[in-house]
Amino acid sequence: MDFSKICSSVHGEGGARFWKVLAWSVGVAFILVLFFFSWIPDPALNRIRWLSGLGAWADRHDQLRTAVPLVFVGVAVGAFLVAGKKGWKAWLIALLVLRELVMLAEFGQLFLPKRHCDPVDVVYGTCGAGVGLALAWVAGRIRKGWRKRGLSSASQAVDGAVVSQE
């Protein structure tokens, strides 16, 4: 397997499309997971067998469990924004849209007998999305710095030297 060909196909002209599709796919998957867990009838996640220890952790950290999936959604949305070279307004709109998704998930809990809509969850979810967006922005800036120095990917950087692609 020629790793340099894989890197060039992912980082070449079609690479931006690949990363956008991947970012959208991951983002949508995490949003679906967010809605699934927000709208299950019983908020005690430790009762879900396949979650094992993760459910117990989530039950102990009630509001923090709202932020964690939104970090991943924020990273995915941010990766899409980085790939599209979007400006600060797009980043702000993304954060507001993610906040609206959290509000929608919380609103849906009003119709479930054992669940309740908690504005603090909206704050935690929005903060999680903001952290994810910030991580993606920082990663984009690092990548931009690599490109300015002639490095197209981290796989080509070895102790500050550029590895030749033969």
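Using this note's numbering, read the sequence shown as starting at 26 and increasing by one per residue. C-beta atoms are modelled at their ideal positions from N, C-alpha and C, and glycine is treated no differently.
Just to check my reading of the structure: residue i and residue j have Cβ atoms closer than 8 Å, yes? What is that Cβ distance to the nearest angstrom?
i, j, result
"F55", "V98", "5 Å"
"V93", "G153", "6 Å"
"E125", "D143", "Not a contact, Cβ separation roughly 16 Å."
"A161", "V96", "About 10 Å; that fails the 8 Å criterion."
"L120", "G155", "6 Å"
"V51", "A101", "4 Å"
Give the secondary structure of residue i by DSSP, where H, G and I count as helix, E and B as strand, and everything else as coil.
i, result
"C142", "coil"
"L137", "coil"
"W64", "coil"
"K114", "helix"
"G175", "coil"
"K45", "helix"
"G155", "helix"
"V183", "No answer about V183 holds up, because its pLDDT of 47 lies below 50 and its placement is not dependable."
Measure the CB-CB distance between residue i and residue j and report whether it falls below 8 Å.
i, j, result
"G103", "L158", "yes"
"Y149", "L57", "no"
"W49", "F136", "no"
Return the residue from the list the options that minimises the CA-CA distance to residue i.
i, options, result
"F62", "V46, R174, T91 and A48", "T91"
"K139", "K45, F43 and W64", "W64"
"D146", "F136, A48, G170 and L59", "L59"
"K45", "G109, H141 and F136", "G109"
"V127", "I118, W116, H141 and T151", "T151"
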